[in-house]
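Below is one structure, written out as structure tokens; the observations come after it.
Numbering (full-length UniProt numbering), first residue to last: 1 to 232.
Given below as structure tokens:
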């Protein structure tokens, strides 16, 4: 008997946005299909899916222990939002390679539907940054006796809607900063800046008006600039 081979294993989602990227929010049902194409006949223990949402953060800080001794302190933390597992074909046992309970998949292309519900709790929006990430993914695993599993992972996007009409996001934001410029032994007068925006929450496409007052008591020419920064 000639054993068959796995030609391809793919994951597709039913919900796609205009950019062909699957986007979901809390409480949504994530559904899709696992497509398996084989040449010949194969025997499998299980075809499983594993879905997970989690946030990771990591960064390093330099520390001084005294006596000219320095070291690097690493920090890491992880938060899990959900962890879902399901068996689409076969059984969930991974402890043996026996021929009992094997499922036969014939030559050709086969599709297996999956679905699960995202929890109703607040979910962080998908994010990729220098010091951390928020990721959501579905992984398919094909287990066969005496062979390494065939695995495939595909990410999807979660968008957490924010109500910008809440009192905390409607309140004005203001700040003040003062700086004194020095050049060798000469000290000039201070430069002070006070700035305010009407509220904290905005939607994409809105203009952010900045109200600023600058008092320049130095001999330098001051050119005001404004920028938006993403912080992590």
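For each residue, glycine too, the CB sits at the ideal point set by N, CA and C.
Computed from a prediction, not measured in an experiment: that's the story for all the values here.
Would you give the residue range spanned by the alpha helix (DSSP H) that residue i belongs to?
i: residue 170; result: 167 to 170
For residue i, does the count of other Cβ atoms within 10 angstroms reach 16, so buried, or fall short, so exposed?
i: residue 212; result: exposed
i: residue 32; result: buried
i: residue 119; result: exposed
i: residue 136; result: buried
i: residue 214; result: exposed
i: residue 177; result: exposed
i: residue 75; result: exposed
If residue i sits next to residue j, beta carbons under 8 Å apart, how far is it from one beta carbon to the other, in whole angstroms?
i: residue 89; j: residue 46; result: 6 Å
i: residue 195; j: residue 227; result: Between residue 227 and residue 195 the Cβ distance is about 12 Å, and since that is not below 8 Å, they are no contact.
i: residue 142; j: residue 9; result: 6 Å
i: residue 37; j: residue 85; result: Not confirmed; about 24 Å, so no contact.
i: residue 160; j: residue 122; result: 6 Å
i: residue 42; j: residue 112; result: The pair is not a contact, with the Cβ atoms about 14 Å apart (cut-off 8 Å).
With DSSP as the reference, label residue i as helix, strand or coil.
i: residue 209; result: coil
i: residue 215; result: strand
i: residue 223; result: coil
i: residue 204; result: coil
i: residue 197; result: strand
i: residue 179; result: strand
i: residue 228; result: coil
For the beta strand (DSSP E) containing residue i, name the first residue and the last one.
i: residue 9; result: 5 to 13
Runs of beta strand (DSSP E) wholly within the UniProt domain "Arrestin-like N-terminal" (19 to 165) (minimum 3 residues, chain order):
Runs of the beta strand (DSSP E) inside the UniProt domain "Arrestin-like N-terminal" (19 to 165): 29 to 39, 42 to 44, 46 to 66, 69 to 90, 103 to 105, 108 to 117, 132 to 143, 150 to 158.
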